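Student: Counting in our numbering, the sequence shown tops out at residue 172, every number present.
Where is the CB? At the ideal position from N, CA and C, for every residue including glycine.
From a predicted model like this one, the values you see are computed outputs, not experimental measurements.
Shown below is the structure under consideration.
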Amino acid sequence: MFFTSVTRQSKRLLVAAAIMVGIFLVLTGRPAAAEDIGKLFYGTRAGQSMTIVSKEGIGTANAVIRLKHTAQDAKSFCVEYMLDHSMRCVRQVLAEKKLADRVTGDCVKRTRTDMYGDNYSFHGSAKQQPELIKQGYFSESDYLIHRNGEERFFPFDTEIFQALCPGIAK
3 MFFTSVTRQS
13 KRLLVAAAIM
23 VGIFLVLTGR
33 PAAAEDIGKL
43 FYGTRAGQSM
53 TIVSKEGIGT
63 ANAVIRLKHT
73 AQDAKSFCVE
83 YMLDHSMRCV
93 RQVLAEKKLA
103 DRVTGDCVKR
113 TRTDMYGDNY
123 SFHGSAKQQP
133 ELIKQGYFSE
143 SDYLIHRNGE
153 ERFFPFDTEI
163 FQALCPGIAK
């Protein structure tokens, strides 16, 4: 993929760096790149964010956030996660990542579509389902979210829901 010939010492350094990045993400709760208010995450890895171009109808049944996956966004992923400062990495990320140019939400129905085209519905706090917390599937701070109409809940981050429908996760 990104590495063709790697020495044993390089592998050790890469593993050590990956562990340190993982510890940083656990301690901070999210990658640093999307701390900027003009970004939205498309994944859980460091630097996996997109630039917000515009917002329309936020908090309504027709909420739309237009996005662009820029070279700077790809560079953040390459540097922060891949530990690769090359333009080759940036070009490869931009070519391989197929992301939509918008996320949409219906704040009345409590649904959204993400940059991968997946549909989600928001069902409130995990505290409403104490048996899931007891079984260890969720913590009390998680929210219940269905993906693509599946019958099970996912403890996903609510960042996109919050951006489209402010105050949905209280």
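May I have the straight-line CA-CA distance separating residue 34 from residue 111, to the nearest angstrom?
Tutor: Position 32 of the sequence shown, counted from the first residue, corresponds to residue 34. Position 109 of the sequence shown, counted from the first residue, corresponds to residue 111. The predicted model places residue 34 with a pLDDT of 41, which falls under 50 and marks its position as unreliable; any figure quoted below should be read in that light. Roughly 31 Å between the two C-alpha positions.
Student: How should residue 6 be labelled, buried or exposed, when 16 other C-beta atoms within 10 angstroms of its C-beta is the threshold for buried?
Tutor: Residue mapping note: residue 6 aligns to position 4 of the sequence shown, counting from 1. With a pLDDT of only 46 at residue 6, under 50, the local geometry of the prediction cannot be trusted, and no value is derived from it.
Student: Tell me, which residues are paired with residue 90 by DSSP?
Tutor: Position 88 of the sequence shown, counted from the first residue, corresponds to residue 90. None, per the DSSP bridge assignment.
Student: Alpha carbon to alpha carbon, how far is residue 101 from residue 116? Give it in angstroms, no decimals.
Tutor: Mapped onto the sequence shown, residue 116 falls at position 114. Mapped onto the sequence shown, residue 101 falls at position 99. Spanning the two alpha carbons is a distance of roughly 9 Å.
Student: Count the other C-beta atoms from every protein chain shown that fall within 10 angstroms of the C-beta of residue 55, then say buried if there are 16 or more, exposed otherwise.
Tutor: Here residue 55 corresponds to residue number 53 of the sequence shown, with the count starting at 1. Exposed is the call here.
Student: From the DSSP secondary-structure annotation, give me the bridge partner or partners of residue 52.
Tutor: For the purposes of this step, residue 52 is taken as the residue at position 50 of the sequence shown. Paired residue(s): 42.
Student: Of the residues 94, 162, 48, which one's Cα is nearest the Cα of residue 118?
Tutor: As a first step, residue 118 must be located in the sequence shown, where it is residue number 116. Its Cα nearest to that of residue 118, the residue 162 stands out among 94, 162, 48.
Student: Name the residue from 106, 107, 74, 105 whose alpha carbon lies nearest to the alpha carbon of residue 91.
Tutor: Working through the sequence shown from its first residue, we reach residue 91 at position 89. Checking every option, the nearest Cα to that of residue 91 belongs to 74.
Student: By alpha-carbon positions, which one of 82, 71, 67, 98 ends up nearest to residue 47?
Tutor: By 1-based counting over the sequence shown, the position of residue 47 is 45. Of 82, 71, 67, 98, the residue nearest in Cα terms is 82.
Student: Can you tell me the Cα-Cα spacing of residue 40 and residue 106, whole angstroms?
Tutor: Along the sequence shown, read from residue 1 onward, the residue named residue 40 stands at position 38. Along the sequence shown, read from residue 1 onward, the residue named residue 106 stands at position 104. Cα-Cα distance, rounded: 16 Å.
Student: Look up residue 33 in the DSSP assignment and say whether it is helix, strand or coil.
Tutor: Here residue 33 corresponds to residue number 31 of the sequence shown, with the count starting at 1. Residue placement at residue 33 cannot be trusted, given a pLDDT of 44 that sits under 50; the coordinates are not used to answer.
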